[in-house]
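*Asks:*
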Amino acid sequence: MSTRLSNSGRLLNKGRAMNFTFNGKRMSGFEGDTLASALLANDQMLVGRSFKYHRPRGIVASGAEEPNALFNMGEGSKFEPNQRATTTELFDGCKLGSQNHWPSLEFDVGAVNNKLGRFLTAGFYYKMFMHPRPLWKHVYEPIIRQSAGLGKAPKDRDADKYEHFYAYTDVAVVGGGVAGLQAALVAAKTGARVLVMEQTAHWGGRAPVDGGTVNGEPVDKFVDQIVSELETMSNVTIRTRMMGSGVYDHGYLLGYERVNDHQPEAKGPRHRLWRIRAGQIITATGAIERPISFAGNDIPGVMLASAVRDYAVNYGVSVGDRTVVVTNNDDAYRTAIALKNLGLDVPAIIDARSGGAGALGDEARALGIRVENGKGIAKVKGYKRVEGVAICSQAGEGAVLEEIACDAVAMSGGWSPVVHLWSHCGGKLYWDEAQAHFRPDVDKAPTGAAGEAFVIVAGSANGYLDLAAGLADADAAGKAAAKAVGKKVAKSDVPAAEATDEAASEAIWLMPQGANIKLRMKSWLDYQNDVKVSDIQLAAREGFESVEHAKRYTTLGMATDQGKLSNINGLAILSDALNQPIPQTGTTTFRPPYTPISMGAIAGEARGEIFQPIRKTPIHSWNEENGADFEPVGAWRRPYTYLRDGEDRHSAVIREIDQTRSSMGLLDASTLGKLIVKGPDAGKFLDMMYTNMMSTLKPGRCRYGLMCNENGFLMDDGVVARIDDDTFLCHTTTGGAENIHGHMEEWLQTEWWDLKVYVANVTEQFAQIAVVGPNGRKAMEKLTEDDISAEGLPFMAFKDITLAGISARAYRISFSGELSYEIAVPASQGRALWDALLEAGAEFNVMPYGTEGLHVMRAEKGFIMIGDETDGTVIPQDLNMQWAISKKKEDYLGKRAQERSYMTDPTRWKLVGLETTDGSVLSEGAYAVAPGENANGQRNVQGRVTSTYYSPTLKRGIAMGLLLNGPDRMGEVVDFPRVDGTSVLAKVVDPIFYDKDGEKQNV
Amino acid sequence: MSNPVSALQGAAYDGYVKVEELGLRGMITVRGNLASTKLKNAVKAATGAAMPKQRQISIADEGAVAWMSPDELLLLVSYDKVNEVIAAFEEAMAGQHFLAVNVSDARAMFRLSGDKVREVIAKISPVDMAQDEFNTGDFRRTRMAQIPAAFWMADEQTVEIICFRSVADYAYGLLKDAAEPGGEIGIFG
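Chains A and B are the protein sequences, given in the same order. 349 is the number that full-length UniProt numbering gives to position 349 of the first sequence; each next residue is one higher, with no gaps. 5 is the number that full-length UniProt numbering gives to position 5 of the second sequence; each next residue is one higher, with no gaps.
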């Protein structure tokens, strides 16, 4: 059984106990524990069920590579699935639940899959559930979804806070082990700005556990010294609990800081995502130990040798009383020695190498540990826990020589450098035959814009597994990084570490070497996705020879651990099955993030009230307080209508229109785009921008204009006012302001840079209020002494006046067909004017109208709307707007395109008005059908509805649409089928339904 | 004449740095040839400040000038005086090709104050806020999270920010969120 030791635990504060629950069971640990060490201290070996076969699974590792110990954590708004026990610090009150079991962890129905394992091989799902097709949707998928999946999805909104942080540094160091610290120190000493991040809460990485001396002192003293030195340097930032998550182009690095995971009740963000721009990135990311593939290597109690050692030394936890060590290298001997020194029993070290170990082997023997060279584990005995191991000859096929009773197995299949961050942005790897791992090819680093390397790898991440070589490599990396960012590097000595005398490891991909199929079917490669040696071999036999194909077919390495333990073993097995060397098989692609990061960290501050910017006019708060039913228009929120008590949208819109047409209405038109175009060539420029002539406009007058892109299609419209000889004010649509501003700048900067024109976007400078309706003038006259009569301010003119004591510019323009003034005042006084107009208009029962009223009134007048009548494929000629296209001008944007044969095709659909014969309202976007069918067997069409409304003025449905030969078919009736199979008939009419002569707006 | 009001009418929040919406400030967008002596003189006459260098702001007693682009400046003057300043500017620049337009009402201004203003900015703007990289006199036209913004440091403990008026609410929410106690990073100084 696993238990707490009294005489060790360097990371624990045994003075502070912490309580937590696991599947409802109360347990306790200490401050400094990870969830994994706390569970082991409470003898909780079984932590979950495997994904496919529901086999009992225990903790395998002690770090980011852990595949099994993933938990549902917390409750309600603090619930999060897939929390990795080995990298999550224990906190008081933590609530854990195991995943992927039903009905309980101890008794799991799905474990019957284990008995069916013979049938549930690689590709089983692909093969089995293909046919018959309908069964997938209705039978297979629901059942598989029920039984599959790891964590539960959170149901409540996340209660925590997250944020981003933009950081800049010369050198960013990922990894706070001895290599990272040494590299950081030498780089910092040159004066470079250095940022060091360590994913755990502690500095030093593996070194304090693995031991050794630096400069004659124990390595943990060296770590303390170097950290305190870095802490005093003003050019250095060091952060723990921060993982280098991904390396991207141009020295961009993401750092994932878990600010408050260890103290969830603290104020502040839970996670902070650092968006770092670094001159050079040093990846001192260490190495990960590999499991060995032998039968039963997934039984709880079988663990990586380094993890067994970590739990004993760091957390004072023994995984078992009797631990058998199985290895292909010397490092695992350290585990045996550490356990023995803590008074625990190590019945044997099973060393697969016939030559055995170096000095560490002698040390182990001297402690009285039995060492068996050239041997392997035939199989592990037990189901929910290790009960013993059967020993065989590594060279054989698994004939059992002896059984050894034990309750834990510490395995080591060698070490793989963590090359992930090196590889994210294109760093290449090579296969080191002697050490049997992929390591960075330092001559093929990720490169920046000028082809320069921007990532440097250091220490065991670079394949230098022993302390002395690792420190030397890191020292060189730090110096190289400083030099690359332009710093002068002084000569300095590398800290002297004691070299160790270790025998070479031997590549062991399967144990025993000739394991039969029964053993291979119980030899796990990928714990999380339940992929075994036999699955990879099957994939190879079935032709999945590319490593990327084999990966996807078997799901090897596709789980949340992304194959940190399984990938190398898996591709070694694949290479063997394909009878080719490992480098020829290659690796799958390493992609960020290194381990999963929270969705909250990615979103950062963008949630709730500040999820996205909402633009508000100066009148917005009045709108909010007065029943505005908002709709988004660009990033603005505009009132669709203003609801009064008991009203629905429809009746509110009718009320607003009736009131406006009969007396007086107000519109908050502040969102309209307003661009100032100024300069001696402004007229010439606008003649190019608009289809009609603007240069002939007289100061003080307004003209409606159309704007097309260079392909001839309509992109915007609006009223242009000439302020003076050199200055125009161009109104754009609400959504078009920024876009048209950019469009104008584009042409001015890239094509017509010789034109003397400046453009400024003054949209937000002005609040703009439309005063609309026959009584509007009367109301305004109460507020001004200026002459705003038909003569003093005629239609399509503007005038600077003082209105309600505010300097205003009044434009006599109308989008409703009524007498209308659009009043522009400084935004800061917009609300004051609005209030004054409401008061002045009270006797006329003034009320504001929303965007729907605006739309209906303009449709009654046959005015087009960009985005309704146009969709990016419509030209002015389609809308019968030849009157707005100057024939005198030599050129304007879109002119040439509009002369193309396709654009001049007489069969292009053209704008008409539509009146339903029954008075009903046509559906949005409805098509008019024509006889016959097209090549796809669909009804032929001859037109479509572009705008359709109920007109309160005409008391019937009105619409505009584009129709084949439309203007020539006045009076004809066309057929608009509806979705329900019925049809609506509509008569083709003039699109101007109301006040055809325009008398009302011109009074 | 009604009293002009700023977007948030002086809203303030005491976080680990203080966030305040400032009242109205006179702002004039100027476009023209920044190398021209006439323009330099007109700018100086309008604000009392000299022509700023690229990505800088030049501050005098009665006004300031910020560099916005190779042919654009932002003049900061008293809100009451904008119209007269523009009129004088136009007179001084008569005959030149330029643009001077009042944008005072199109903007909102905020001030951050406290000893950790640098890191609050760095949470929402992609700008290197280290002392050696950004100081009084520096000016950035950049973004704050999802909106355009510009800022400078009035002194070591004070950042002044300009954004569009329509998104003042968002900007204020963003700054409050970044300044919320518990979010201290402690990275600059």
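Glycine included, each C-beta is placed from N, C-alpha and C at the ideal position.
Roughly how far, in whole angstroms, is the beta-carbon of Lys-488 of chain A from the beta-carbon of Val-186 of chain A, given that I think they are within contact range, below 8 Å?
*Replies:* For the purposes of this step, residue 488 of chain A is identified with residue 488 of the first sequence, where counting begins at 1. For the purposes of this step, residue 186 of chain A is identified with residue 186 of the first sequence, where counting begins at 1. Contact flag wrong, Cβ pair sits at about 12 Å.
*Asks:* Do Ile-602 of chain A and Asp-717 of chain A have their beta-carbon atoms positioned less than 8 Å apart in this structure?
*Replies:* The residue given as residue 717 of chain A occupies position 717 in the first sequence. The residue given as residue 602 of chain A occupies position 602 in the first sequence. Contact flag unset, no.
*Asks:* Please go through the same chain and pick out, in chain order, the residues whose beta-carbon is closer than 7 Å to the beta-carbon of His-650 of chain A, but skip the five residues on each side of it.
*Replies:* Counting from one through the first sequence, the residue named residue 650 of chain A turns up at place 650. Spatial neighbours of His-650 of chain A in its own chain (CB-CB distance under 7 Å, excluding positions within 5 residues in sequence) are not present.
*Asks:* Kindly list the residues whose CB is nearer than 8 Å to the CB of Tyr-248 of chain A, restricted to its own chain and excluding five residues on each side of it in sequence; keep chain order.
*Replies:* On the first sequence, residue 248 of chain A is found 248 positions in, with the first residue counted as 1. The residues are Leu-254, His-424, Cys-425, Pro-592.
*Asks:* Between A:Ala-307, A:Thr-784, A:Arg-908, which lies nearest to Glu-66 of chain A when the distance is taken from Cα to Cα?
*Replies:* Taking the first residue of the first sequence as 1, we reach residue 66 of chain A at position 66. Of the listed residues, the one whose Cα sits closest to Glu-66 of chain A is A:Ala-307.
*Asks:* Would you say Ile-404 of chain A and Val-324 of chain A are within 8 Å of each other, going by their C-beta atoms?
*Replies:* If you number the first sequence from 1, residue 404 of chain A lands on position 404. If you number the first sequence from 1, residue 324 of chain A lands on position 324. Cβ distance < 8 Å, so Ile-404 of chain A and Val-324 of chain A count as in contact.
*Asks:* Using DSSP with H/G/I as helix, E/B as strand and the rest coil, what is His-620 of chain A?
*Replies:* Here residue 620 of chain A refers to the residue found at position 620 when the first sequence is read from its first residue. Three-state result, His-620 of chain A: helix.
*Asks:* Terminal residues of the continuous beta strand (DSSP E) containing Pro-208 of chain A?
*Replies:* Here residue 208 of chain A refers to the residue found at position 208 of the first sequence. It is not in any beta strand (DSSP E) - Pro-208 of chain A instead sits in the alpha helix (DSSP H) that spans 207-210.
*Asks:* Under three-state DSSP, which class holds Ser-423 of chain A?
*Replies:* The count along the first sequence starts at 1 and reaches residue 423 of chain A at position 423. Three-state result, Ser-423 of chain A: helix.
*Asks:* Near Leu-90 of chain A, which residues of its chain fall below 7 Å by C-beta distance, leaving aside the five closest residues on each side in sequence?
*Replies:* Within the first sequence, numbered from 1, the residue matching residue 90 of chain A stands at position 90. In chain order, Met-18, Phe-20, Gly-29, Asp-33, Thr-34, Leu-35, Ala-38 place their CB closer than 7 Å to the CB of Leu-90 of chain A, counting only its own chain and leaving out the 5 sequence neighbours on each side.
*Asks:* Go ahead and label residue 1008 of chain A buried or exposed: buried means 16 or more other beta carbons lie within 10 angstroms of its beta carbon, across all protein chains shown.
*Replies:* Lying before the first or after the last residue shown, residue 1008 of chain A is absent from chain A, which here runs from 1 to 1003.
*Asks:* Leaving out five residues before and five after Val-941 of chain A in sequence, what residues of the same chain have Cβ atoms less than 7 Å from its Cβ?
*Replies:* Walking along the first sequence from the start, residue 941 of chain A turns up at place 941. Excluding residues within five positions, the ones whose Cβ falls inside 7 Å are Tyr-927, Ala-928, Val-929, Ala-930.
*Asks:* Are the Cβ atoms of Asp-210 of chain A and Arg-334 of chain A separated by less than 8 Å?
*Replies:* Position 210 of the first sequence, counting from 1, holds the residue named residue 210 of chain A. Position 334 of the first sequence, counting from 1, holds the residue named residue 334 of chain A. It is a contact, given that the beta carbons lie within the stated cut-off.
*Asks:* With DSSP as the reference, please indicate the residues paired to Gly-26 of chain B in a beta bridge.
*Replies:* Residue mapping note: residue 26 of chain B aligns to position 26 of the second sequence, counting from 1. DSSP, once it has assigned bridges, lists B:Val-77 as partnering Gly-26 of chain B.
*Asks:* Which partner residues does Gly-705 of chain A have in the DSSP bridge list?
*Replies:* Locating residue 705 of chain A in the first sequence gives position 705, where the first residue counts as 1. A:Gly-718.
*Asks:* Any idea what DSSP makes of Ser-743 of chain A, helix, strand or coil?
*Replies:* For this step, residue 743 of chain A is matched to residue 743 along the first sequence. Going by the sequence as given, residue 743 of chain A is His instead of Ser. Three-state result, His-743 of chain A: helix.
*Asks:* List the DSSP bridge partners of Ile-582 of chain A.
*Replies:* As a working note, residue 582 of chain A is residue 582 in the first sequence. DSSP lists no partner for Ile-582 of chain A.
*Asks:* At a Cβ cut of 7 Å, what residues of the stretch 389-408 of chain A count as close to chain B, listed as they run along the chain?
*Replies:* Per Cβ criterion, the list is empty.
*Asks:* Assuming Gln-83 of chain A is part of the beta strand (DSSP E), what are its boundary residues?
*Replies:* Counting from 1 along the first sequence, the entry for residue 83 of chain A is found at position 83. That run of the beta strand (DSSP E) goes 80-84.
*Asks:* Taking the beta carbon of Tyr-162 of chain A as the centre, do at least 16 other beta carbons fall within 10 Å, making it buried, or is it exposed?
*Replies:* Translated into the one-based positions of the first sequence, residue 162 of chain A becomes position 162. By the neighbour-count rule (16 or more Cβ atoms within 10 Å), Tyr-162 of chain A is buried.
*Asks:* Would you identify the three-state DSSP class for Val-43 of chain B, choosing helix, strand or coil?
*Replies:* Here residue 43 of chain B refers to the residue found at position 43 when the second sequence is read from its first residue. Looking at Val-43 of chain B - three-state DSSP - the assignment turns out to be helix.
*Asks:* Of the residues A:Asp-535, A:Thr-232, A:Ala-64, which one's Cα is nearest the Cα of Pro-596 of chain A?
*Replies:* As a working mapping, residue 596 of chain A is identified with position 596 in the first sequence. The candidate whose alpha carbon is nearest that of Pro-596 of chain A is A:Ala-64.
*Asks:* Considering only residues of the same chain and omitting the five flanking positions on each side of Gln-146 of chain B, which have a CB-CB separation below 8 Å?
*Replies:* If you number the second sequence from 1, residue 146 of chain B lands on position 146. The residues are Tyr-170.
*Asks:* May I ask you to report which of helix, strand or coil DSSP gives Phe-222 of chain A?
*Replies:* Within the first sequence, the letter at position 222 stands for residue 222 of chain A. Reduced to three states, the DSSP call for Phe-222 of chain A is helix.
*Asks:* Using a Cβ cut-off of 7 Å, which residues of the stretch 139-170 of chain B contact any Cβ in chain A, in chain order?
*Replies:* Ala-145, Gln-146, Ile-147, Phe-164, Arg-165, Ser-166, Val-167, Asp-169, Tyr-170
*Asks:* Take Ala-450 of chain A and list the residues in its own chain whose beta-carbon comes closer than 7 Å to its own, dropping the five residues that flank it on each side.
*Replies:* Translated into positions along the first sequence, residue 450 of chain A becomes position 450. Once the five neighbours on either side are set aside, Ala-450 of chain A has no close Cβ partner at all.
*Asks:* Give me the Cα-Cα distance between Asp-786 of chain A and Thr-802 of chain A, rounded to the nearest whole angstrom.
*Replies:* Residue numbering aside, residue 786 of chain A sits at position 786 when the first sequence is read from its first letter. Residue numbering aside, residue 802 of chain A sits at position 802 when the first sequence is read from its first letter. Rounded to the nearest angstrom, the two C-alpha atoms are 7 Å apart.
*Asks:* Quick check on Gln-580 of chain A: buried or exposed, where buried means 16 or more other Cβ atoms within 10 Å of its Cβ?
*Replies:* Within the first sequence, numbered from 1, the residue matching residue 580 of chain A stands at position 580. With fewer than 16 other CB atoms across the displayed protein chains lying within 10 angstroms of its CB, Gln-580 of chain A is exposed.
*Asks:* Quick one: any contact between the stretch 489-498 of chain A and the stretch 377-389 of chain A, if contact means 3 or more CB pairs under 8 Å?
*Replies:* no
*Asks:* By a C-beta neighbour count over all protein chains shown, 10 Å radius and 16 as the cutoff for buried, is Gln-131 of chain B buried or exposed?
*Replies:* Sequence index remark: in the second sequence, residue 131 of chain B carries index 131 (1-based). Exposed, by the Cβ-count rule.
*Asks:* Can you tell which of A:Gln-882, A:Ile-875, A:Glu-433, A:Ser-886 has the C-alpha that lies nearest to the C-alpha of Glu-902 of chain A?
*Replies:* Reading the first sequence from its first residue, position 902 is the one you call residue 902 of chain A. Here the sequence assigns Tyr to residue 902 of chain A, which means Glu is not the residue at that position. When each option's Cα is compared against that of Tyr-902 of chain A, the closest is A:Ile-875.
*Asks:* Which whole-angstrom value describes the C-beta separation of Gly-396 of chain A and Pro-512 of chain A, a residue pair presumed to lie in contact below a C-beta threshold of 8 Å?
*Replies:* Within the first sequence, numbered from 1, the residue matching residue 396 of chain A stands at position 396. Within the first sequence, numbered from 1, the residue matching residue 512 of chain A stands at position 512. Their Cβ separation, rounded to whole angstroms, is 5 Å, which keeps Gly-396 of chain A and Pro-512 of chain A in contact under 8 Å.
*Asks:* Starting from Gly-912 of chain A, trace the beta strand (DSSP E) in both directions and tell me its first and last residue.
*Replies:* Counted from its first residue, the first sequence places residue 912 of chain A at position 912. Checking the sequence shown, residue 912 of chain A turns out to be Val, not Gly. It spans 910-916 - the beta strand (DSSP E) in which Val-912 of chain A sits, taken as one unbroken run.
*Asks:* Taking 8 Å as the CB-CB limit, is Lys-38 of chain B close to chain A?
*Replies:* Counting from one through the second sequence, the residue named residue 38 of chain B turns up at place 38. Chain A contact via Cβ: absent.
*Asks:* I'd like to know whether the C-beta atoms of Thr-283 of chain A and Val-485 of chain A end up nearer to each other than 8 Å.
*Replies:* As a working mapping, residue 283 of chain A is identified with position 283 in the first sequence. As a working mapping, residue 485 of chain A is identified with position 485 in the first sequence. Contact flag unset, no.
*Asks:* What first and last residue would you give for the beta strand (DSSP E) that runs through Trp-67 of chain B?
*Replies:* For the purposes of this step, residue 67 of chain B is identified with residue 67 of the second sequence, where counting begins at 1. Where Trp-67 of chain B is concerned, the enclosing beta strand (DSSP E) stretches over 64-69.
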